[in-house]
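Remarks on the structure that follows.
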Amino acid sequence: MRLRLTPRDTTIIDLIVQAGNALVEGADLLQAVIRAQAGDRPDLLLKVRDAEHASDEIVHATMRKLNTTFVTPFDREDIYALSSALDDCMDNMEAAADMVVLANPAKLPDGVEIQLSVLQQQAAVTAAALPGLHTMKGLEEYWVEINRLENDADEAYRDMLAELFSGAYQPLELLKVREVIDALEDAADAFELVSHHVETIAVKES
Amino acid sequence: MRLRLTPRDTTIIDLIVQAGNALVEGADLLQAVIRAQAGDRPDLLLKVRDAEHASDEIVHATMRKLNTTFVTPFDREDIYALSSALDDCMDNMEAAADMVVLANPAKLPDGVEIQLSVLQQQAAVTAAALPGLHTMKGLEEYWVEINRLENDADEAYRDMLAELFSGAYQPLELLKVREVIDALEDAADAFELVSHHVETIAVKES
Amino acid sequence: MRLRLTPRDTTIIDLIVQAGNALVEGADLLQAVIRAQAGDRPDLLLKVRDAEHASDEIVHATMRKLNTTFVTPFDREDIYALSSALDDCMDNMEAAADMVVLANPAKLPDGVEIQLSVLQQQAAVTAAALPGLHTMKGLEEYWVEINRLENDADEAYRDMLAELFSGAYQPLELLKVREVIDALEDAADAFELVSHHVETIAVKES
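The following block contains the structure:
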């Protein structure tokens, strides 16, 4: 543990925590868009856009704070990377919501529900873990859990790929479904990247 | 602002500026390849390859300079990352030119012209902004503008995706067009990544 | 060359070397899976999974060592990045083996053999080069060679893409083959990323 010669300004950690909390709402909105009838999706998508803009605002506030703070709680570039990675989770969830509207597949395979549930759980454990950056406690359990969830998402994704390649889908419908499940898989990966950035910070602090 | 105890060697910034200028030519060549008739493309592609090799040379010169310079203007790894990111823009533009020859779609949607125009503008504002690394001035306007342009590219890309999934394309032609528009979208994203590396440097310098 | 005021613990480099050696076995197992008849692949895939778990164990051992070592041979984050990048090579080779089972294309194009051979050579030169981190010698030849191999892989990949888009494939079969050759191309790219992380370390040490 490094000695701290100056008190740390913890506003930046509060902004990181806020970004994590926003992801819980984002995951719920994504589920709502995907479960909705095609005709109801565009309206729900607007709410996802709002959540994404709110997430952008938090990143910008974090950057402004970084630019005006002399002693940061962690290395400046690690805070920057973590803040961007949290925003990437939101961007990826927005992209998934967007894609279901754009590609508009006739029917989504059941595994999509597993993907949505994993994203909700990833958002919840991320939001619960980030306040641990104040004390550097409880973080290892968090990234183990995120990794476990990501494995669940991977398994669901692989099963759906095998289904898509089984010959039961027409090429165009295959491509449409593929877009949506890929976007959801990317979102699960983005949560794992967040946990890696938290791990990087923890390694340096240890 | 950090105090500078030694004069900084600015040759490295000059090389970064040179890499930015090369992208302006790269974007023009890419436009020429894509607008050409299929039969004329292979010859034009050779010019893109030359531009890409020239860009590689600039990266290598930057690395050599980094290896032999004691006091660098910014953190060594940030210069390395920025130089690589500039080269990635060229690589991605070459990949797009390459792909139009490889996939050879029967017809490209109109939105491709928007993508090409965005890349030319991104190259122009990047080339105009990089000399600002000498004084750290005017950089914020640059990354706001790159972000705005990237949003234009995204919108054109999304509209074309919706068109591709509308049922108006045969699967093979859909896949061919998709390759080209994806490659162009990746190139626009690469320019945005450059602006993030410039932002990282600016955050550290502030 | 920086002056070393304390002796460096080189166990971490030994773990990095071990991770490199594991990739040689991984590349051989991948070749076995892809060359096998479809019915024999699932059993062989289990061996790839074992190799991948062994690689994960090495990463975790590296992280534990990083967390308990006061003076590391290189910057902590660079060791972390290099260790992760080596594991990504294994992950990408596992993903390729996995994909040939999932997508199960009727026939793979000849260029796949070139991709497999490149991966075996990349694994071999990586494993041979990593002990050079003890002395920082012979590393430049290594990354030049990795880059040359990656160019060979790219060429084979491009030729296969052109073949896929020639109209000789049905859309579903095209998509299946595409999955496999993309996964192999990603694995070759992952080896190149390893060489970039080694280069980053070498740039800092120089």
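Protein chains in written order, with this note's numbering: chain A, -16 to 189; chain B, -16 to 189; chain C, -16 to 189.
A virtual CB, placed ideally from N, CA and C, is assigned to each residue, including glycine.
Straight-line spacing of the CA atoms in B:E146 and A:L85 works out to 9 Å.
Boundaries of the alpha helix (DSSP H) harbouring B:S178: P154 to E188, taken from the DSSP string. A residue is called buried once 16 or more other Cβ atoms fall within 10 Å of its Cβ, and A:V127, having fewer, is exposed. As the crow flies, the alpha-carbon of A:I164 is around 45 Å from that of B:H117. Within chain B, no residue has its CB atom less than 8 Å from the CB of C:A89, the nearest being about 17 Å off. The stretch 92 to 111 of chain A and the stretch 170 to 183 of chain A touch, with no fewer than 3 CB-CB distances between them shorter than 8 Å. Neighbours of B:G150 across chain A, judged by C-beta separation under 9 Å: L155.
For C:V83, the uninterrupted alpha helix (DSSP H) segment begins and ends at R59 to A86. Separation of B:R141 and B:G150 (C-alpha to C-alpha, rounded to the nearest whole angstrom) is 15 Å.
Take C:D71, set aside five residues on each side of it, and the residues of its chain with a beta-carbon closer than 6 Å to its own are A173, in chain order. Using a CB distance cut-off of 8 Å, B:L144 counts as an interface residue toward chain A. Distance from C:M73 to C:L12 at the Cβ level is roughly 10 Å; contact not present, criterion being Cβ atoms closer than 8 Å. Secondary structure note for B:A139: its alpha helix (DSSP H) is the uninterrupted segment L122 to L147.
In the DSSP assignment, B:Q98 falls within the unbroken alpha helix (DSSP H) covering G94 to A112. In the three-state DSSP reduction, A:H117 falls in the coil class, being neither helix nor strand. For A:K90, the closest C-alpha among the options A:H179, A:Q1 and A:I17 is that of A:I17. When 7 Å is used as the limit between beta carbons, C:R59 is near these residues of chain A: V186 and K187, in chain order. For B:A151, the three-state secondary structure derived from DSSP is coil. Along the stretch 39 to 52 of chain B, the positions whose C-beta sits under 8 Å from a C-beta of chain C are M46, L49 and N50, read in chain order.
Here the C-alpha atom of B:S38 lies approximately 6 Å from the C-alpha atom of B:A2. Taking 8 Å as the threshold, the shortest C-beta distance from C:R131 to chain B does not fall below it. Residue nearest to A:F148 within the set A:E123, A:P92 and A:E133 is A:P92 (criterion: CA-CA distance).
Annotation for C:D61: H180, T183, I184 and K187 place their beta carbon closer than 8 Å to its own, counting only its chain and skipping 5 residues before and after.
Within its own chain, the residues whose Cβ lies closer than 6 Å to the Cβ of C:A15, once the five positions on either side in sequence are excluded, are L27, listed in chain order. Taking the Cβ atoms as the reference, C:A10 lies roughly 6 Å from C:M76, within the contact range of under 8 Å. For C:R141, the nearest beta carbon of chain B is closer than 8 Å to its own beta carbon.
A Cβ-Cβ distance of about 24 Å is found for the pair C:I129 and C:T55, leaving them out of contact under the 8 Å criterion. Residue burial is scored here from C-beta neighbours: B:G121 has fewer than 16 other C-beta atoms within 10 angstroms and is therefore classed as exposed. With fewer than 16 other Cβ atoms inside 10 Å of its own Cβ, C:P25 counts as exposed. Using a Cβ distance threshold of 8 Å, B:Y125 and B:S189 do not count as a contacting pair.
C-alpha of B:D23 to C-alpha of C:A139: approximately 24 Å in a straight line. Neighbours of A:T183 in chain C, taken as residues whose beta carbon is under 8 Å from its own, are E60 and Y63 in chain order. Nearest neighbour of B:N87 by Cα position, chosen from B:L157, B:L69, B:R59 and B:L144, turns out to be B:L157. Distances from the CA of A:Q20 to each of A:E8, A:A112 and A:A80 were compared; the closest alpha carbon is that of A:A80.
B:Q20: not part of any alpha helix (DSSP H); DSSP gives it neither H nor E.
If you check the CB distance, A:I(-1) and A:T45 come in under 8 Å.
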